[in-house]
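2 protein chains.
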Amino acid sequence: MTERAGSRGVVAAALRLFDERGFEATTMDDVAVAAGVSRSTLFRRFGSKDDVVFADQEELVESVRALLDASHGDPVAAVRAAAHAVLRAYTSRPEVALRRYRLVRAHAALRDRELAMTARYQALFTQHLSRGYGDPRRLLAAEVLAAAVIAAHNHVLRAWLRDPGEGGPSPAARLEEALEFVVAGRAAPPGGSGGPVPAGGGEVLVAVYPAGASGEEVLARVRAALGGAP
Amino acid sequence: MTERAGSRGVVAAALRLFDERGFEATTMDDVAVAAGVSRSTLFRRFGSKDDVVFADQEELVESVRALLDASHGDPVAAVRAAAHAVLRAYTSRPEVALRRYRLVRAHAALRDRELAMTARYQALFTQHLSRGYGDPRRLLAAEVLAAAVIAAHNHVLRAWLRDPGEGGPSPAARLEEALEFVVAGRAAPPGGSGGPVPAGGGEVLVAVYPAGASGEEVLARVRAALGGAP
DNA sequence: CCGAGTATGACACTGCGTATCAGGAAAAGG
DNA sequence: CCTTTTCCTGATACGCAGTGTCATACTCGG
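These protein sequence lines are chains A and B, in that order.
Read in order, the letters of the first sequence correspond to residues 1373 to 1602 in this note's numbering.
Read in order, the letters of the second sequence correspond to residues 1373 to 1602 in this note's numbering.
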């Protein structure tokens, strides 16, 4: 690793070009010329064109991994702290975050790439939440909670990206509120039902019965649900 | 549309080649020759090499969208039914699902592509759960619940893909249990033992049908599923 | 039998990504 | 101070995905 600063400059130049001319309209040769390096070096350092855009994100993922690995207390608390750390990494450099947000929103390929990035955070969270548990029940709980935390984080982050200057609570405060909501387990909106699955309004029928029930019993109940068909 | 069956055959030939020789080792020319069409036609029909692998998944996404659009009852119930429909689409054709599972696991590019696919389901769920609500609180709830449902579905699906012949409850039953866990809102595992998860001791029958089907048709299919009871 | 719309195939072209080789700068070693 | 080794860079060539264009065959309606 000769100089990390060099890569920073390359990334900056690339993002500027992508922003001005469009992502696919800019070739790697253009970036090479603008950054003052060869195309070979570009691919050698970043691997692919997409990776130039997400170079610093990669570092962020690694720092989150380190953060979780170093934590010793409550896993849920550690994951919450990690979510805050990620959000702070965005909000602390609004120009960078907003430029990439515009870029990613405009190009489907980059959107997919960012999804993959998010999935890596989610995998880290899941792994940390299910540490040492072989129990599949716990694994389910870990996966669901990780997904919920990621969703909450992305909700707050997107809101901030859409309107960074908006008044009201800080992003961190909003995230804390959202995480509280998640951990409180109110995944179902208060108005909704949430109970066992009823028959759908008329388009779909979902029936769940213990298999202990006899065939005739099941048939009878389905018939009843259908409105007493013969 | 001349013949949809033609595309099916092309996909089958392509998947076979990808499976045998590897994904990136197989060129689109190879696929074209094996499928008996030109490379031009291949790109015209599927758009990209990845899309050949996920062609039928695309149809599944559309059917889920249609399912949700057509539903009128409780949004949460509709989303649960949709998750069941997706799972069933996999488990009803084990050979196809398992071959693609092997393929996707082996190649990073396809993994990312599948993540994008999952994200589309999640977006559909979110959209349906937050119908008509401008309230950001509701939007957060919808996003979190959608993410949790997806996580539960993927948990069950992955377990089945890893070991399709495993004994115990059916995939549908496992999903129902997992969804119950999600909707019950106990995302965070308490320190205690089992938790409030319903004891899914016995088998359960889960049936999902479009309501376009007549009552008799539904009864007939349930009867058939029960083993041809009179 | 004939035109309109359409699916197909053939061909050329751009650009990403990889592999290989040569040259030069920095370190290692005497 | 000079040599050897190592590593980074740049240049060239190549494979292949994906796009655009044009000519041909096929279908449908008149």
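The C-beta atom is built at its ideal place from N, Cα and C for all residues, glycine as well.
All values reported here derive from a predicted model rather than from experimental measurement.
Rounded C-alpha distance that separates residue i from residue j
i: B/His1456; j: A/Ala1407; result: 51 Å
i: B/Ala1559; j: B/Ser1420; result: The pLDDT assigned to B/Ala1559 is 47, lower than 50, so where the model puts this residue is not dependable, and the model offers no usable value.
i: A/Thr1498; j: A/Val1451; result: 9 Å
i: B/Ala1453; j: A/Ser1410; result: 54 Å
i: A/Leu1547; j: A/Val1554; result: 10 Å
i: B/Asp1446; j: B/Leu1440; result: 11 Å
i: A/Tyr1473; j: A/Leu1533; result: 7 Å
i: B/Ala1491; j: A/Val1403; result: 31 Å
i: A/Ala1544; j: B/Arg1417; result: 46 Å
i: B/Ser1379; j: A/Arg1471; result: 40 Å
i: A/Leu1501; j: A/Ala1397; result: 42 Å
i: B/Thr1399; j: B/Gly1381; result: 17 Å
i: A/Glu1606; j: A/Ala1461; result: An answer regarding residue 1606 of chain A cannot be provided, because it is not within the stretch 1373 to 1602 covered by chain A.
i: A/Arg1393; j: A/Ala1513; result: 45 Å
i: B/Gln1429; j: B/Val1436; result: 10 Å
i: A/Asp1535; j: A/Asp1422; result: 26 Å
i: B/Ala1518; j: B/Val1448; result: 9 Å
i: B/Asp1391; j: A/Ser1542; result: 50 Å
i: B/Ser1443; j: B/Arg1503; result: 12 Å
i: B/Ser1464; j: B/Ala1438; result: 20 Å
i: A/Glu1538; j: B/Leu1482; result: 39 Å
i: B/Leu1529; j: B/Ala1469; result: 10 Å
i: B/Arg1388; j: B/Ala1478; result: 14 Å
Beta-carbon neighbours of residue i, restricted to chain A and to distances below 7 Å
i: B/Glu1538; result: Correct list: empty, because the minimum Cβ distance to chain A is about 11 Å.
From the options, residue whose alpha carbon lies closest to that of residue i
i: A/Ala1427; options: A/Leu1439, A/Leu1414, A/Arg1437, A/Ala1438; result: A/Leu1414
i: B/Val1425; options: B/Ser1464, B/Asp1484, B/Val1554, B/Ser1412; result: B/Asp1484
i: A/Gly1557; options: B/Ala1469, B/Pro1536, B/Val1516; result: B/Val1516
i: B/Met1489; options: B/Val1433, B/Phe1390, B/Ala1442; result: B/Val1433
i: B/Arg1510; options: A/His1527, A/Leu1511, A/Arg1503, A/Arg1509; result: A/His1527
i: B/Asp1364; options: A/Arg1503, A/Ala1531, A/Ala1520; result: Missing from the structure shown is residue 1364 of chain B; chain B here goes from 1373 to 1602 and no further.
i: A/Ala1367; options: A/Ala1478, A/His1479, A/Ala1520; result: Since the first residue shown for chain A is 1373 and the last is 1602, residue 1367 of chain A is missing from the structure and cannot be characterised.
i: B/Ala1480; options: B/Arg1388, B/Ser1443, B/Phe1395; result: B/Phe1395
i: B/Ile1522; options: B/Val1405, B/Val1458, B/Ala1478; result: B/Val1458
i: A/Tyr1493; options: A/Leu1389, A/Ser1464, A/Glu1431; result: A/Glu1431
Contact set between residue i and chain B, taken where Cβ atoms lie within less than 9 Å
i: A/His1527; result: Pro1508, Leu1511, Leu1512, Glu1515, Val1516
i: A/Asp1484; result: Asp1484, Arg1485, Leu1487, Ala1488, Ala1491
i: A/Ala1442; result: None at all; the shortest Cβ gap to chain B is about 22 Å.
Same chain only: Cβ atoms within 7 Å of residue i, ignoring 5 sequence neighbours per side
i: A/Thr1374; result: Its pLDDT being 30, under 50, A/Thr1374 is placed unreliably in this model, and the value from its coordinates should be taken loosely. So the list is empty, once near-sequence residues are dropped.
i: B/Gly1540; result: none
i: A/Ser1565; result: Per-residue confidence for A/Ser1565 stands at a pLDDT of 37, beneath the threshold of 50, marking its modelled position as unreliable; no derived number is given.
i: B/Ala1596; result: Reliability fails at B/Ala1596, whose pLDDT of 46 lies under 50, so the model's placement of it is uncertain and no value is given.
8 Å Cβ cut-off: residues of chain B touching residue i
i: A/Gly1408; result: Simply none; closest approach about 31 Å.
Cβ neighbours of residue i in the same chain (closer than 8 Å, five flanking residues each side left out)
i: B/Asp1614; result: No answer is possible for residue 1614 of chain B: the residues shown for chain B start at 1373 and end at 1602.
i: A/Ala1524; result: Ala1455, Leu1547, Ala1550, Leu1551, Phe1553, Val1554
i: B/Ala1384; result: none
i: A/Tyr1505; result: Leu1511, Ala1514
i: A/Val1405; result: none
Beta-carbon neighbours of residue i, restricted to chain A and to distances below 9 Å
i: B/Ala1550; result: Leu1512, Val1516
i: B/Ala1523; result: Gln1494, Thr1498, Leu1512, Glu1515, Val1516, Leu1517, Ala1518, Ala1519, Ala1520
Proximal chain B residues relative to residue i, where beta-carbon distance stays under 7 Å
i: A/Ala1520; result: Val1516, Ala1519, Ala1520, Ala1559
Proximal residues to residue i (C-beta, below 6 Å), its chain only, five neighbours per side dropped
i: B/Glu1486; result: Val1476
i: A/Ala1386; result: Val1403, Val1424
Residue ranges of each alpha helix (DSSP H) within the region 1493 to 1558 of chain A, 4 or longer: 1508 to 1534, 1543 to 1555
Runs of alpha helix (DSSP H) lying entirely within the region 1437 to 1482 of chain B, each at least 4 residues, in chain order: 1447 to 1463, 1466 to 1478
Enumerate, from N- to C-terminal direction, the unbroken alpha helix (DSSP H) stretches of 4 or more residues contained entirely within the region 1395 to 1434 of chain A. 1400 to 1407, 1411 to 1418, 1421 to 1425
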